[in-house]
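Q: Protein chains in written order, with the numbering used here: chain V, 1 to 279; chain P, 1001 to 1260; chain L, 2001 to 2326; chain U, 3001 to 3360; chain D, 4001 to 4360.
Following this message is one structure expressed as structure tokens.
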Amino acid sequence: MAGGALAALAARVPSGPFVLGLPALLFLLVIFVGPVLRLLLLSIEGGSLGAYEKALTDGLYLQVFRDTFEIAAIVTVFCALLGYPVAFYLTTLSRTGSALGFACILIPLLTSVLVRTYAWMVILGRNGIVNRTLMDWGMTDRPLALLHNLPSVIIGMTHVLLPMFILPVYSVMVRVDRELLRAADGLGASGWQVFTRVYLPLTWPGVLAGATLVFIISLGFYITPALLGGGRIMMIANVIEHQVQSLLDWRFAGALSMVLLVATLAVQAISNRVQARRG
Amino acid sequence: MRPWLRRLLRGYSLVVFALLLLPLLIVVPISFSSARYLQFPPPGWSLQWYKRYLYDPAWIEATMVSLRVACGSTLLALILGTALAYSVVRGRYRGRVVVERLGSGPLIVPHIVIAIAIYSLFARMHLTGTETGLILAHTVLAIPFVLAVMSASLRTVDPVLEQAAMSLGVSRIGAIVRVTLPLIRPGIVSAGILAFLSSFDEVVVAIFLSGTTKTLPKQMFDNIMNEIDPTIAAISVLQIALVVVALALVARFGAKAVPR
Amino acid sequence: QEPPKPRQIVVNASIGDTMVATRAIYYAEFEKLYGIKVVESGPVNLAKLRAMVESGNIEWTISEVGGEEAIRAEKLGLFEPIDRKIVDMDALPSPMKERKVTLARGVYSTALGYRKDAFKNGQYPTNWADFWDVKKFPGPRSLRARAIDNLEFALMADGVATDKLYPLDVDRAFKKLDEIKPHISVWWSTGQQPAQLLIDREVIMTSGWNGRFYKLQRDESGIDVAWGGAMTKIGTFGVVKGTPNAYWGQKMLALMNDPKLQAAYAERVGYPGTHPKSWDYVDKAALKYFPTSPENLPKVAWTSDEWWAENGAAVEERFSRWLLAR
Amino acid sequence: MATTSQSLPLSLAGIEKRFGAVTAIGGVDLAVEAGEFLTLLGPSGSGKTTLLKVIAGFEMPDRGTVRIGQADITRAPPGRRNIGMVFQNYALFPHLTVERNVAFPLAVRHVPRAEIGRRVQEALALVELDGYQARMPSQLSGGQQQRVALARAIVFNPGLLLLDEPFGALDRRLRQQLQEEVRRLQRRLGLTAIFVTHDQEEALLLSDRIAVMNGGAIEQLGPPHEIYARPSTVFAAGFIGESNLWRGTVANAGHDRVTIALDDGTRILAESTATPGPATALVRPERVRLLEDGEAADNRLSVTVEEVSYLGQTQKYLLRSGDRVLTAVWTLAAVAVGRVKAGDTVAVGWQAADVHVIAG
Amino acid sequence: MATTSQSLPLSLAGIEKRFGAVTAIGGVDLAVEAGEFLTLLGPSGSGKTTLLKVIAGFEMPDRGTVRIGQADITRAPPGRRNIGMVFQNYALFPHLTVERNVAFPLAVRHVPRAEIGRRVQEALALVELDGYQARMPSQLSGGQQQRVALARAIVFNPGLLLLDEPFGALDRRLRQQLQEEVRRLQRRLGLTAIFVTHDQEEALLLSDRIAVMNGGAIEQLGPPHEIYARPSTVFAAGFIGESNLWRGTVANAGHDRVTIALDDGTRILAESTATPGPATALVRPERVRLLEDGEAADNRLSVTVEEVSYLGQTQKYLLRSGDRVLTAVWTLAAVAVGRVKAGDTVAVGWQAADVHVIAG
Ligand SMILES: Nc1ncnc2c1ncn2[C@@H]1O[C@H](COP(=O)(O)OP(=O)(O)OP(=O)(O)O)[C@@H](O)[C@H]1O
Ligand SMILES: Nc1ncnc2c1ncn2[C@@H]1O[C@H](COP(=O)(O)OP(=O)(O)OP(=O)(O)O)[C@@H](O)[C@H]1O
Ligand SMILES: NCCCCNCCCN
Ligand SMILES: [Mg+2]
Ligand SMILES: [Mg+2]
């Protein structure tokens, strides 16, 4: 009787694939979810929401949040403007051509963010290549301040994130059925009409996916603003780092982290929602 | 497409490609500079920065730490992530979607948040400043890559092949080992390389978890913060070479390196 | 009877050239004497030290801290008391010899460094008033992204005498800082940045730790230091509370108090030692680059660690706010 | 490989399988004799694959038992059941050579090397693929792949062979060729085989018996011609072949004959032992004949030709009689092309023996 | 939409198209009448799609002209040709509703809003999809999708309708249903239509005329029954329907009759005007009859039955006479199930009129 019940139970317990997922699941619960939740608890220690009040009302931090979103938005727009045509161009290339094109995208993508940021320091510095060239050509007599400001941070971040925009857009573009374009053509649409009425709407999910990815990653950026921002461009991650490393204010760092996390998840959720609505 | 439009598109794209590669190319001549400080174009050529890197025990030690940590976390992430991918792709249990989301979570959650969360856990577990701690943390960061690549690979393997193997006399694990894994070897290579690079390049977590054991990126970060000397350029060139070799390996043995 | 020797001890200290010098001079000696490996870590970080002690996860055996931080560290109980039987501090000048938990090892200044070639016919800046004078000395500048020192610089630029700085008139300092803010192109955060910024021509003048300019000065590489109003303080080390190797930490402190080693170190990095006898061993040619040299000492100002220990947190926060405000 | 058959009977008793709210199998009893070729035929979603999976062990039934020979294998893992299976698209291991594919079931059973070699050789010879040992599956034609799959499924002397739509993805020509090969081999080895398809032509062609499945249950079980000629349900009639189906009421007419009275008053004479009551009359289109002038038939109808479709061997006629539409299929031998055209009015008829009555 | 037909004839003259070394189309002349339904039938790679693309304007021919009505449109861009096209898998725009899909060709022509609304409404009514305006293509069944594709292809009154294997991906049942709908609509609107398929049954069923393509050329052009009964090449005979084909030598036998002497001495009597010389005799399997005792036939053979396949409506018999294998297909009406079994020896025969002679 009990044996039968047990057997019935055993038959009901999800077996096979589920069990294989358990180690990773436990691992992530202990070393990822647990700590993040603990951080949440830490930020509301003693039942006080003071840290959140500070994070969400203090002008300084509001400013940082505003800046962070602004920078993320600008970077996303740049990635879209630069990336969309390039992704399309990639779909038109021959085998070798697209292999070379992909190398141009994958090599930077896989290269250390530090290396890339360092390279921009070399290029944009007061004594860097751009200024040297401008001065050699007599276009300016004094070096321009290209580094350690908002534009340099945006350039650096765009460089880091552009491949992450191009890849998802490309993957949607190659899946667009050429037959549809031909159908539009055959139905009398002009080139521009084919683009605006068929191609752009069909590739829009890719743009949305790429933009979401870029925006989300931008929100959490730390290295580039730290190295290219000259101490003046503070994104939320830099503030969090400062809270922990220099001020040891775990509670407040936790609160800021949670706000950042919620913002990130919210952006993702909105993007999912928009995508789902489009069917 | 009209020819002039095509040309415009090509021109535009080539400029973007150039902008993507330019910074990396600039680093090369600088790494061979004979100047004591950063100067471009270099006044002369020398291998001094490579020597400086290779003969400085601090750099070498950091490199070794990074290699060990990257290998460890790659191995761990491959095992955990592949099993997870299998579970998500083949499983039919309720909550599968949640499990998948969880597995790719570290990709979405800002690294700074993960870093300080893990830091506070590891501080209590006496794992800060240890290679073990770095390996565990980097494994968390690498699992989403492995999950993405391996689930894509697994989806290309017809589950019927596993059933076929089982009907021919092996258990599920036997079927996975004898049939599934050999079939997705290219995916394993790609996932492994992605996981390796994600650890080998990782800075933010390393900033928090490095103590006496510094990873190469952490050492580089400190160095860049301190002095923009061409040693970094030399290391950069070596790293870019590593990436190019990795890409070539993937092209040769792997599937698409990047989750699409 | 000595406690058993561990395989290694860990010293947390400033990074950069001083780290290399510390290894070559102190750690090498320590390893030679006791056969215990010294592992170095850095940079100096009070917050981390505190987290370490509070979590009981002690990675460091001894750690360096800045002057005002030493006072906070002592209050927070982050260091073991100094064992006077091992570390003989009696020879140090007062009040250094009265310290309970930290050894004052060296003296350093945050001084005004500049590029000589940025100014015509020897018209170099000499103090913080010049730094603020963007008409006479046009060009980008850099300051540290912290309040400490900057407030003092602003007050001196505004005419406050070096010995009348404390207690700081914070409001006045910030008002003065407002003036210079548009001309600061980089707010530096790590020690080597100032020198690097000068070398790279990113700025024409900057605040910076004197040791970081020392080599450049000695190399005649076109970088020089104006000592007027250089904010001077002591660098200190303590044995981390709860370390299992406290005894060997004390032994290391003893070495750091050794006049000969201090002299070698000072000559190498430009940070003079605290032990009076160390002066006897220093090459006289190096002396003029020290904040404590006869010609520099009258020009420099001394940081009040007590004031900063008391007000630092609040003032630093206000400074962050000020820095980010547009 | 022993070509002496180890073939075993299979019996299913009270098999039930639910997926959440969906009942995939709702109580199936089935006995397959040793050496029999039984086909599960049914529309998509009728539970064919699920039943096969229950037999193979990939799904556990919620209720019921599965026996091969004497052994109850209901809960045995798939690898222990000793069942050979040929999958849709064959499921050859693409990373292994033909030889190692066929050797797989022996290797995992730790059969000695030398014996593996011998048995693989035998199995490949049997499917006429000796000499292909070193090829990879991708280097084989569809037909050759199937033969490898067959060799792999029988090399370990399974008691039972399962085939789940093995021809589902093939074009018609290759399909026909392979159907014949499978059937030939199964007969030769005397294997018990269960074959799944939703292609009625294939089922008719290959099977000793057909089990018509619908909604997770077996609607009818019998040899092909019986299923075609005497379907026991309207569903089975409609699913297999084209049909003219008319609902009406049975009345006895003596001499093993009945009449079926349709709503509109038409009476259809049938040879049947059906009892009076509601019923459906079935007349296959090829039984409807074009009547020559004065030719007699048990049932006779004057119809207008609505549409003629030329199908090569045969022509299909859509005929109308009042509100009733019926289909007739005539070969060219019977009616020359163009003799009967759309719009014509003709007389058609069929014998009482051509009518099958489905009760209910 | 004007239901008054604007249908125009199409003519192709000397069309050639090469891709590098491959000659996809090698000189095709073809005239399609207004309102005609013409099918391009041929094996994979025979150039069907390429020819359609040349007509639609997606490929430029290397040589030759394309005319619709009087206009030479050889070099006109696709959008200017006024050709409606139904693509394989329909190519509906997945991001647009049914209504906006159908409106597309009108919208890009800047037809006024109100008129678009009216014409879309009419077109949807025509394909019986009124009420589905707001659905997305993904929310439609395969059949409904096809009707939307059709509506979109005809809403702008094209002079010509092209269909490239529109049923390629469908299962048999849906396929049949849609074939009928397309045909009905085409007839009703009187549209000129060119239809591509490699399914011979489909071609026979739907077409006014069939163009059998092979290797980039048209091998035969004619109505279905002619193509089936009198294929002009062995290829056409083999490609369409099952065949018994025998090579031999024609000799005159008087009275419009010839004999074909096969290698083994067998002589086949045929009604034909073929001239003496090498030729192939074609006898369709359904023409081979089972001879009753003493029944006469122009051609008579004693054969052994090798295999019997039950196909429902018909049974297929594999018959052997010496080295020669022939296929016969008999309906149940002709031969009851089980009357002729494998192993039996029977007499079969066919009339001289049942033999078609293919010269060469
Ligand atoms: N894993 C599953 N989860 C939920 N429902 C399932 C599952 N497998 C099958 N079903 C359902 O059970 C029923 C029977 O499915 P099954 O695959 O056995 O049908 P089938 O007869 O093989 O159909 P087909 O001809 O399409 O292969 C269907 O309604 C199907 O949707
Ligand atoms: N773009 C192209 N480049 C090179 N060769 C081509 C191209 N398009 C078609 N071909 C070749 O031309 C020949 C005819 O191809 P086409 O697509 O017209 O055949 P089809 O009759 O439509 O075949 P299917 O039934 O497989 O669709 C083939 O040999 C094909 O390989
Ligand atoms: N707050 C840390 C300051 C470090 C300055 N380095 C000085 C080294 C003195 N030995
Ligand atoms: Mg199935
Ligand atoms: Mg085609």
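Beta carbons are placed, not taken as given, at the ideal position from N, Cα and C, and that holds for glycine.
Using 8 Å as the limit for Cβ to Cβ distance, is V:Arg182 near chain D?
A: Closer than 8 Å to some Cβ of chain D, the Cβ of V:Arg182 qualifies, so yes.
Q: Check whether the Cβ of U:Gly3020 sits closer than 7 Å to any heavy atom of ligand 1, and report yes or no.
A: Yes, Cβ of U:Gly3020 sits closer than 7 Å to a heavy atom of ligand 1.
Q: Compare the C-beta of L:Asn2121 with all C-beta atoms of chain A and state if any pair is closer than 8 Å.
A: Chain labels in this structure do not include chain A; the protein chains are V, P, L, U and D.
Q: Rounded to whole angstroms, what's the CA-CA distance from L:Val2315 to V:Leu161? Just pull it up for me.
A: Cα to Cα, the separation comes out at about 37 Å.
Q: Tell me the rounded alpha-carbon separation between P:Val1140 and P:Lys1214.
A: The straight-line gap from Cα to Cα measures roughly 19 Å.
Q: Quick one, which of U:Pro3285, U:Ala3274, U:Ala3153 and U:Ala3021 has its alpha-carbon nearest U:Leu3245's?
A: Comparing Cα-Cα distances from U:Leu3245 to each of U:Pro3285, U:Ala3274, U:Ala3153 and U:Ala3021, the minimum goes to U:Pro3285.
Q: Please report the distance separating the alpha-carbon of V:Ala119 from that of P:Val1027.
A: Going from the Cα of V:Ala119 to the Cα of P:Val1027 covers about 6 Å.
Q: Below 7 Å between beta carbons is the criterion; list the residues of the region 1119–1135 of chain P that meet it against any residue of chain L, in chain order.
A: Answer in chain order: Ala1123, Arg1124, His1126, Thr1128 and Gly1129.
Q: For L:Ala2309, does the three-state DSSP call read helix, strand or coil?
A: The answer is helix: DSSP assigns L:Ala2309 an H, G or I state.
Q: Could you say which of V:Gly186, V:Ser271 and V:Leu41 lies nearest to D:Pro4078 if we only look at CA atoms?
A: For the residues V:Gly186, V:Ser271 and V:Leu41, the minimum Cα distance to D:Pro4078 belongs to V:Gly186.
Q: Let me know if L:Met2052 comes out buried or exposed under the rule of 16 or more other beta-carbons within 10 Å of its beta-carbon.
A: Buried.
Q: Could you list the residues in the region 1231–1244 of chain P with a C-beta less than 7 Å from some C-beta on chain V, going in chain order?
A: Under the 7 Å Cβ criterion, the region 1231–1244 of chain P contributes Ile1232, Ser1236, Gln1239, Ile1240, Val1243 and Val1244.
Q: Spatial neighbours of P:Pro1259 within its chain, please: CB distance less than 6 Å, with the 5 preceding and 5 following residues excluded, ordered by chain position.
A: Below a pLDDT of 50, predicted positions are generally treated as unreliable, and P:Pro1259, at 36, falls in that range; the measurement from the model is reported next regardless. Taken in chain order, the residues that qualify are Ala1148 and Val1149.
Q: DSSP state of P:Lys1214, grouped into three classes?
A: Correct three-state label for P:Lys1214: coil.
Q: The beta strand (DSSP E) with V:Tyr89 in it runs from where to where?
A: Segment Gly59 to Thr91 is the alpha helix (DSSP H) holding V:Tyr89; no beta strand (DSSP E) there.
Q: Verify the contact flag: D:Thr4049, CB atom, against every heavy atom of ligand 5, threshold strictly below 7 Å.
A: Yes, the Cβ of D:Thr4049 comes within 7 Å of a heavy atom of ligand 5.
Q: When we look at the beta-carbon of P:Lys1051 and count the other beta-carbons within 10 Å, is it buried (16 or more) or exposed?
A: Flag for P:Lys1051 reads exposed.
Q: What is the C-beta distance between U:Ile3240 and U:Pro3231, in whole angstroms, given that I count them as a contact (C-beta under 8 Å)?
A: That pair is a contact at about 7 Å.
Q: Taking L:Gly2228 as part of the beta strand (DSSP E), name the residues at either end of that continuous run.
A: Its beta strand (DSSP E) spans residues Ile2223 to Val2239.
Q: I'd like to know whether the C-beta of D:Ala4002 is nearer than 8 Å to at least one C-beta of chain V.
A: At D:Ala4002 the pLDDT is 40, less than 50, meaning the model places this residue with poor confidence; the figure from the coordinates comes in the next sentence. Taking Cβ atoms only, chain V never reaches closer than 8 Å to D:Ala4002, which makes this a no.
Q: CA-CA distance, L:Val2101 and P:Trp1049?
A: Straight-line Cα distance between these residues: approximately 41 Å.
Q: Taking 8 Å as the limit between beta carbons, can you name the residues of its chain near U:Pro3061, skipping five residues before and five after?
A: Ile3015, Glu3016, Lys3017, Ile3025, Val3054 and Thr3074, listed in sequence order.
Q: Give a yes or no on whether the C-beta atoms belonging to P:Pro1144 and P:Gly1103 are separated by under 8 Å.
A: Cβ atoms of P:Pro1144 and P:Gly1103: closer than 8 Å.
Q: What residue does the beta strand (DSSP E) around D:Tyr4228 start on, and which one ends it?
A: Run containing D:Tyr4228: none in the beta strand (DSSP E); it sits in the alpha helix (DSSP H), Pro4224 to Ala4229.
Q: Does the separation of the CB atoms of U:Glu3180 and D:Leu4311 fall below 8 Å?
A: Not a contact, by the Cβ cut-off of 8 Å.
Q: Mind checking V:Ile123: buried by the 16 CB within 10 Å criterion, or exposed?
A: Buried.
Q: From the DSSP secondary-structure annotation, give me the bridge partner or partners of L:Trp2188.
A: DSSP output for L:Trp2188 lists L:Arg2144 as bridge partner(s).
Q: Under 7 Å Cβ to Cβ from L:Arg2084, same chain only, skipping five residues before and after it: list those, please.
A: Within the same chain, L:Arg2084 has no close Cβ partners at all.
Q: Is there a Cβ from chain P that is less than 8 Å from the Cβ of U:Val3108?
A: Closer than 8 Å: yes.
Q: Nearest chain V C-beta to L:Ile2187 closer than 8 Å, yes or no?
A: Checking the sequence shown, residue 2187 of chain L turns out to be Trp, not Ile. Yes, L:Trp2187 lies at the interface with chain V (some Cβ there is under 8 Å from its Cβ).
Q: Quick check on the DSSP output: what are the complete alpha helix (DSSP H) runs of length 4 or more inside the region 147–175 of chain V, in order along the chain?
A: DSSP runs (the alpha helix (DSSP H)) wholly in the region 147–175 of chain V: 150–175.
Q: Helix, strand or coil, according to DSSP, for D:Arg3968 in the structure here?
A: The structure shown does not extend to residue 3968 of chain D, since chain D is modelled only from 4001 to 4360, so the question has no answer here.
Q: Going by the beta-carbon positions, is the gap between D:Leu4051 and D:Val4032 smaller than 8 Å?
A: No.
Q: If you follow the beta strand (DSSP E) that U:Pro3278 is in, where does it begin and where does it stop?
A: Gly3277 to Val3283 is the span of the beta strand (DSSP E), which, as asked, contains U:Pro3278.
Q: Would you kindly work out how many angstroms separate the C-alpha atoms of D:Ala4071 and D:Ala4091, rounded to a whole number?
A: Their backbone Cα atoms lie some 28 Å apart in a straight line.
Q: Sorted by chain position, which residues of the same chain lie with C-beta nearer than 8 Å to U:Glu3099's C-beta, five sequence neighbours on each side aside?
A: Excluding positions up to five away in sequence, the list reads Val3120, Leu3124, Gln3133 and Ala3134.
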